[in-house]
Amino acid sequence: MRSYLRASAWLAAFVAGVPALWLLAVVVALWGRSWVAFAVPYLGLFGLAFLVGLIPLALLRFRPDWLRALAAAAVVYALASFTPMVAEMTRYPYHVVRCGGLPVVASGFMAAMSYNVPGDEFYTTPLQDRFFCTEEEARAAGYRHYP
472 MRSYLRASAW LAAFVAGVPA LWLLAVVVAL WGRSWVAFAV PYLGLFGLAF
522 LVGLIPLALL RFRPDWLRAL AAAAVVYALA SFTPMVAEMT RYPYHVVRCG
572 GLPVVASGFM AAMSYNVPGD EFYTTPLQDR FFCTEEEARA AGYRHYP
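Residue numbers for the sequence shown follow this note's numbering, beginning at 472 and rising by one.
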């Protein structure tokens, strides 16, 4: 039991602690803008990733504890990269940094081919399937603005 608790602490560091540092860097980059709408879904995702990671952690039976936790975290990250909606959330921070701020988000849902800019009423940050830095890029890709 003591080994499992130590491994759980390592798992928390791998699936929440390290990514939270990345999240903190993005929040600092967005300071003064709408960073709360960006950060809250990710904090929930980190908590969910930890809970899901407890399952493979319990099934794995090797030492040292940090390596077992790292293997469980790798399982969680692998699952997240193929899970609908979560896969987009894992790509969103990259685009925030790449664009130097909140990106234009676009969706091809039901062939609508529409995009929203930060500040729009229906700007749903991490749940879209395409990200652009400018509206011109989105229009060039065949998307139209949905106000």
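The beta carbon of each residue, even a glycine, is placed where N, CA and C say it ideally should be.
Rounded distance between the beta-carbons of residue j and residue i, thought under 8 Å
i: A478; j: A540; result: 5 Å
i: L514; j: L482; result: Not a contact, Cβ separation roughly 17 Å.
i: F575; j: A609; result: A quick correction: the sequence has Val, not Phe, at residue 575. With a Cβ gap of about 5 Å, V575 and A609 count as contacting.
i: R665; j: A583; result: This structure cannot speak to residue 665, because the chain is shown only from 472 to 618.
i: A551; j: A520; result: 7 Å
i: V499; j: A510; result: About 11 Å; that fails the 8 Å criterion.
Limits of the alpha helix (DSSP H) - the one that residue i falls within
i: V546; result: D536 to A551
i: A484; result: Taken as a continuous stretch (DSSP letters only), A484 belongs to no alpha helix (DSSP H), as it is neither H nor E.
i: E606; result: E606 to A611
Residues near residue i in its chain [Cβ-Cβ closer than 6 Å; skip 5 each side]
i: R615; result: S585
i: V523; result: V547
i: C570; result: C604
i: L573; result: P589
i: H566; result: P574 and F602
Beta-bridge partners of residue i, as assigned by DSSP
i: R532; result: In the DSSP output, where bridge partners are listed per residue, R532 has none listed.
i: A577; result: Y586 and R601
i: R615; result: S585
Residues near residue i by beta carbon distance below 7 Å, same chain, minus five either side
i: L495; result: none
i: G613; result: M584
i: F593; result: N587 and Y617
i: V486; result: F517, A520, F521, G524, A544 and V547
Close beta carbons around residue i, own chain, < 8 Å, minus the five adjacent residues each side
i: S474; result: R534 and D536
i: E460; result: Summary: the structure shown does not reach residue 460, with the chain confined to residues 472 through 618, and so no result is reported for it.
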